[in-house]
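Protein sequence lines, in the order shown, are assigned to chains A and B. Heads up: the first sequence is residues 0 to 203, going by numbering that gives the first Met the number 0. Heads up: the second sequence is residues 0 to 203, going by numbering that gives the first Met the number 0. Backbone N, C-alpha and C fix where the C-beta goes; we use that ideal spot for every residue, glycine too. It should be emphasised that the depicted structure is a prediction, and the values quoted were computed from it without experimental measurement.
Number of protein chains: 2
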Amino acid sequence: MQAFAYKKESVYANQDHFTGIEPMALSQAIMTALIEDDMSGYELAQSFDSSLGLFWRASHQQIYQELKKLSEQELLNKREVSQTGKPNKIVYGLTLLGREALQEWVFKESKVQEAKDDLLVKLYNLDAGNVSHMITELEGRRESIMQRLYLYERIRRRHYADPDSLPIRRQGVYLALLGGIRNGEQYLGWCDEALKQLASIDSH
Amino acid sequence: MQAFAYKKESVYANQDHFTGIEPMALSQAIMTALIEDDMSGYELAQSFDSSLGLFWRASHQQIYQELKKLSEQELLNKREVSQTGKPNKIVYGLTLLGREALQEWVFKESKVQEAKDDLLVKLYNLDAGNVSHMITELEGRRESIMQRLYLYERIRRRHYADPDSLPIRRQGVYLALLGGIRNGEQYLGWCDEALKQLASIDSH
DNA sequence: GGTATACGTGCAAGTTATTGCATATGGATC
DNA sequence: GATCCATATGCAATAACTTGCACGTATACC
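Spelled out as structure tokens, the structure:
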């Protein structure tokens, strides 16, 4: 006799009800971004564009909503800061509770990454009529990956030139950055392979 | 005077209102899966596990709901098929309208891929207390990527041993598969780099 | 007879994310 | 002085996705 019987679909179920933090990771990404510096929603949205957001994208509305929720849960505190020449801002910071929750979260199961790339879905629809369009799209993709790689490399050279000498947390950030770089390099390589193949199709 | 003025957030806005197909790609993924064979929801959910779903994951509920929606929009047709020894099933197929919509979609702008990987977010939280846990997680991730690569390679050897001789659409599918393979290989390599680094932190 | 497993479809309720506004200050540009 | 842009926050509606469950049939194993 078994203690538990899961249906086929219940694989993800029943993980954690012992803290306020649920499986989904936007809140953790935001809290993570606040580990070292307090920030306003606007600043967060901006820093997301060049840091954590590279691995977990979020719109400004999402961020504002999440900040509100997190401060209601006492995981963040907020204070209004008057500024001259600019509208006032609301600056959020991690509470002790927030820090603890974040640390706990690290020890929980992560989900496997969910790849969603409509370019790949499009490739399933390849035919003589759209080969040249697919080439154009791939070139565009290649270009934007390139841009991103430049950004990564700039960050790397600037802040992570000598990773081994960094404090531990920074080494973790470096590894994430490295993940982004490797991923970009791989994608670039694949683009080239794919473009080569498509070119040979296109020219019969 | 300008014809259009977008706010900062409106980048994605205003794309297409000339067909029933909206930017989001689950519907297209489903239609794509139905290009060559008609399938029931159940069969689709299964084929997703070993094919397109590798690039665009969806739960069975999502698939059933989407099928319903698509057949209401006349992009799919449905018929009930009686089976002996099994419950009846509802088999869906692309309508002419659906095929056209799908072909149009291929020519529309794709969004850049949105990477979401909480392992990378976790790495931002690296500290002396969780290094060994991160190592465990990375090893687990490595293992599951490995599994996936085995699957990919099996598919590749079985169906795409000689890609150049395949019909065009199949070559597209092959390129998507190759994307998955290259991505897995890269991830594996990064895992090893990261594990090495973490090991050196762990042993001081 | 009981229990598990594969097949098959679907509802209801919830959370998360997107899209399109709304509002307001101040500096720069035309 | 009008419009644009960066700063700053937010609501409301909808779309996408998850979670948990309900309903059924048939086979196989113990």
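By alpha-carbon positions, which one of the options ends up nearest to residue i?
i, options, result
"A:P86", "A:S39, A:A100, A:G92, A:W55", "A:S39"
"A:R147", "A:H158, A:G179, A:Y173", "A:G179"
"B:Y263", "B:L118, B:G52, B:Y41", "Because chain B here runs from 0 to 203, residue 263 of chain B falls outside it and cannot be looked at."
"A:A175", "A:L33, A:S49, A:V80, A:Y41", "A:S49"
"B:L53", "A:A114, A:Q170, A:G52", "A:A114"
"B:S70", "B:G128, B:Q60, B:S81, B:L93", "B:L93"
"B:T135", "A:P166, A:E108, A:I154, A:R56", "A:E108"
"A:R169", "B:N124, B:L194, B:L165, B:R155", "B:N124"
"A:K36", "A:R155, A:K77, A:C190", "Residue identity differs from the one stated: residue 36 of chain A is Asp in this sequence, not Lys. Closest by alpha carbon: A:K77."
"A:L101", "B:K195, B:V120, B:A57", "B:V120"
"B:G188", "A:D191, A:W189, A:L177", "A:L177"
"A:L137", "A:K67, A:H203, A:K68, A:E192", "A:E192"
"B:L75", "B:L150, B:H132, B:M30", "B:M30"
"B:L51", "B:Q60, B:I34, B:Y63, B:K67", "B:I34"
"A:Q112", "B:V90, B:G128, B:S143, B:K110", "B:S143"
"A:A132", "B:S46, B:R141, B:G171", "In the sequence on display, residue 132 of chain A carries His and not Ala. Measuring from the Cα of A:H132, the nearest candidate turns out to be B:G171."
"A:G128", "B:G128, B:R141, B:I167", "B:I167"
Would you give the residue range spanned by the alpha helix (DSSP H) that residue i belongs to?
i, result
"B:Y186", "167-201"
"A:Y151", "130-158"
"A:A28", "25-32"
Could you spell out the range, first to last residue, of the beta strand (DSSP E) harbouring residue i?
i, result
"A:E79", "75-80"
"B:G92", "88-93"
Which residues in the same chain as residue i place their Cβ atom closer than 8 Å to its Cβ, once the five residues preceding and following it in sequence are excluded?
i, result
"B:V130", "L197, I200, D201"
"A:R153", "none"
"B:H59", "G40, Y41, A44"
How many Å lie between residue i and residue j at the Cα?
i, j, result
"A:D161", "B:D161", "44 Å"
"B:I20", "A:D163", "For B:I20, the predicted structure reports a pLDDT of 48, less than 50, and the residue's modelled location is therefore unreliable. The matter cannot be settled from this model."
"A:R228", "A:Y173", "Residue coverage of chain A in this structure runs from 0 to 203, which leaves residue 228 of chain A outside it and unanswerable."
"A:D126", "A:M145", "27 Å"
"B:E65", "B:A24", "11 Å"
"A:G183", "A:V80", "39 Å"
"B:K195", "A:Y159", "17 Å"
"A:G139", "A:C190", "10 Å"
"A:G203", "B:F106", "Reading the sequence as shown, one finds His at residue 203 of chain A and not Gly. In a straight line, the C-alpha of A:H203 is about 21 Å away from that of B:F106."
"A:Y41", "A:R98", "22 Å"
"B:K67", "B:V90", "11 Å"
"A:K88", "A:A32", "17 Å"
"A:W55", "B:A57", "19 Å"
From the DSSP output, which residues share a beta bridge with residue i?
i, result
"B:K115", "A:W55"
"A:S39", "A:V90"
Ordered along the chain, which non-local residues of its own chain (more than five positions away) have a Cβ less than 7 Å from that of residue i?
i, result
"A:D116", "none"
"B:E73", "T94, L96"
"B:Y151", "L176, G179, I180, G183"
What does a CB cutoff of less than 6 Å around residue i pick up in its chain, not counting 5 residues either side in sequence?
i, result
"A:L122", "none"
"B:Q27", "W104"
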